[in-house]
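Below: the structure, in structure tokens.
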Amino acid sequence: MRPRLASERFHEALYGTIQLLRRRPLARCIRQLEEWERLDPAAFGRLRAARLARTLGHAKAHVPLYGEGAWREALHGRTLDLRAWPVLTRETLQSRFNDLLARPPIRGTSYRTTSGS
Numbered sequence: 024m025r026p027r028l029a030s031e032r033f034h035e036a037l038y039g040t041i042q043l044l045r046r047r048p049l050a051r052c053i054r055q056l057e058e059w060e061r062l063d064p065a066a067f068g069r070l071r072a073a074r075l076a077r078t079l080g081h082a083k084a085h086v087p088l089y090g091e092g093a094w095r096e097a098l099h100g101r102t103l104d105l106r107a108w109p110v111l112t113r114e115t116l117q118s119r120f121n122d123l124l125a126r127p128p129i130r131g132t133s134y135r136t137t138s139g140s
């Protein structure tokens, strides 16, 4: 890896500062990703499994659709094998959109939908 030029470091610092002022901790996220890149494959696999389990736990607790039917069964089984999970279809996305939003909604968050084009 080549050393970064002073101008590159300056621009990174400036951009990071601007994002921080906008309440977007981008520099911290980049440092975290760089740390994860250095993990050996086994450690990265454990990290990935732990983060997936945490995300699925949050979905089970806060997203109405994931607390019922086949989704509840998949979450109750605590399987991290995503191939065993029900498929989220376009029809479900369209008809149950509000049931896919976490409760309670994050304060100040707005949702916008498009046709996808």
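Each residue of the sequence shown is one higher than the one before, counting from 24 in the numbering used here.
All C-beta atoms in this analysis are idealised placements derived from N, C-alpha and C, irrespective of residue type, glycine included.
Could you check if Tyr38 is buried or exposed, using at least 16 other CB atoms within 10 Å of its CB as the buried criterion?
Mapped onto the sequence shown, residue 38 falls at position 15. By the beta-carbon neighbour count (other beta carbons within 10 angstroms, threshold 16), Tyr38 is exposed.
List the endpoints of the continuous alpha helix (DSSP H) containing Pro64.
Here the question's residue 64 lines up with position 41 in the sequence shown. Unbroken alpha helix (DSSP H) run through Pro64: Pro64 to His85.
Looking only at C-alpha atoms, which of Gln55, Asp122 and Thr112 sits nearest to Ala84?
As a position in the sequence shown, residue 84 is number 61, starting the count at 1. Nearest of Gln55, Asp122 and Thr112 to Ala84, Cα basis: Asp122.
Using the Cβ count rule (16 or more neighbours within 10 Å means buried), how would you classify Trp94?
Here residue 94 refers to the residue found at position 71 of the sequence shown. Buried is the call here.
State the Cα-Cα distance for the pair Glu60 and Val110, rounded to the nearest angstrom.
Within the sequence shown, the letter at position 37 stands for residue 60. Within the sequence shown, the letter at position 87 stands for residue 110. Using only the alpha carbons, I get a separation of about 30 Å.
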